[in-house]
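Since the structure comes first, as structure tokens, the remarks are kept for the end.
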Amino acid sequence: MQSTLNDKPDFHVAIIMDGNGRWAVRRGLPRSAGHRAGIAAARRVVEAAPDLGVTQLTLFAFSSDNWRRPAHEVRALMTLLRHYLQTELRQLLASGTRLTVIGRRDRLRRDLREEIASAEAASAGGERLHLQIAFDYSSRAGIANAATVWLGDDSPSRDAFRRLLARQGAGNGADVDLLIRSGGEKRLSDFLLWECAYAELCFLETLWPDFGADDLHAAIADFSSRERRFGALSRTPALEAAE
Ligand code: FPP
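Read in order, the letters of the sequence shown correspond to residues 809 to 1051 in my numbering.
Take a look at the structure:
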């Protein structure tokens, strides 16, 4: 049973960074300005995470459904990822961060694919924080692809399926401990469905560009006070007496 971070060697936080567009519109700015402000918020969170005990941080930057947005916004998000990789890599390396990008690559421009591969290779030795950026990511598509490959194998096990998911570009399959969503909506939006099976969920009204280390700290403090039972029963004296 896990209710505090004290004895927890791995702590995976996943964030749906929602609210960039509303943040911009409220200021009379184009939506892309909200995404740019969102990059700054992502930087703050990446910097704060290791000192708060986070070992893996997964950020949802572009959903496979986001292709349905206007072409100029899609282009802006692609450009922002490229910009992020180019400007942040030095800092990520200095802070011992390993970067991986999960999701489909085949629909990205070749220069962006190359930028991703080169950032992943350069940061492969990082051991302090594993930063996963989910881009052209669909959890359902990842599960469906893995299941397709699975057909024919007659010895399914959860661990084998988890490894298969990882090979299908659906993330490394690490269970999410804490899922945070900014921007006021309360849904998962096809993000880490398998990995969130026992995640503690934290939905915040804060718009992502206003999100900071204090918000991450508060969410983790709240997480620490929750009792995680993973489907079992609480270890109460009454339960122990009944055994
Ligand atoms: C959702 O807000 C946010 C996105 C679709 C993109 C998130 C991207 C970033 C924060 C920048 C990229 C970050 C990295 C680390 C590369 P929305 O546009 O749906 O906001 P709204 O609900 O207010 O319209």
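Ideal placement from N, C-alpha and C gives every residue a C-beta, glycine not left out.
Identity of the residues DSSP links to residue i by a beta bridge
i, result
"PHE1011", "ARG989"
"LEU939", "LEU865 and LEU907"
"HIS820", "GLN864"
"TYR945", "SER871"
Neighbourhood of residue i by C-beta distance below 6 Å, restricted to the same chain and skipping five residues each side
i, result
"ARG971", "none"
"GLY992", "GLU1013"
"MET822", "The displayed chain sequence assigns Ala, not Met, to residue 822. Only THR866, VAL984, LEU987 and LEU1000 meet the Cβ criterion."
"ILE1028", "LEU860"
"GLY904", "GLY934, GLU935 and ARG936"
"LEU897", "ALA927"
Whole-angstrom C-beta distance between residue j and residue i, which should lie under 8 Å
i, j, result
"SER1033", "SER946", "Their Cβ separation, rounded to whole angstroms, is 33 Å, which puts SER1033 and SER946 out of contact at 8 Å."
"ASP998", "ARG948", "5 Å"
"GLU1016", "GLY911", "Per the sequence shown, the amino acid found at residue 1016 is Trp instead of Glu. Between GLY911 and TRP1016 the Cβ distance is about 19 Å, and since that is not below 8 Å, they are no contact."
"LEU907", "SER926", "Between SER926 and LEU907 the Cβ distance is about 10 Å, and since that is not below 8 Å, they are no contact."
Same chain only: Cβ atoms within 8 Å of residue i, ignoring 5 sequence neighbours per side
i, result
"ALA973", "First, the residue type needs correcting, since residue 973 is Leu and not Ala in the sequence shown. Excluding sequence neighbours, LEU973 sits near GLY950, ILE951, ALA954, GLY979, GLY981 and TRP1002."
"TRP875", "VAL882, ARG915 and ASP944"
"ARG844", "LEU888"
Neighbourhood of residue i by C-beta distance below 7 Å, restricted to the same chain and skipping five residues each side
i, result
"ARG921", "ARG913"
"ASP1030", "CYS1010"
Residue i CB to nearest heavy atom of the ligand GTP below 7 Å
i, result
"ARG839", "With respect to the ligand GTP, the structure offers nothing, as its ligand set consists of the ligand FPP."
Below-8 Å beta-carbon distance, residue i vs any chain D residue
i, result
"VAL909", "In the structure shown, chain D cannot be found, because there is only a single protein chain."
- request: Within the region 896-931, note down every full alpha helix (DSSP H) run reaching 4 residues or more, in order along the chain.
  value: Runs found: 918-930.
query: Could you give the uninterrupted runs of the beta strand (DSSP E) lying entirely in the region 853-904, keeping only those of 3 residues or more?
result: 864-871
- prompt: So, do the region 1019-1037 and the region 831-839 have three or more beta carbon pairs nearer to each other than 8 Å?
  reply: no
field: Touching by the beta-carbon criterion (3+ pairs, under 8 Å), the region 861-876 and the region 814-830
entry: The region 861-876 is in contact with the region 814-830.
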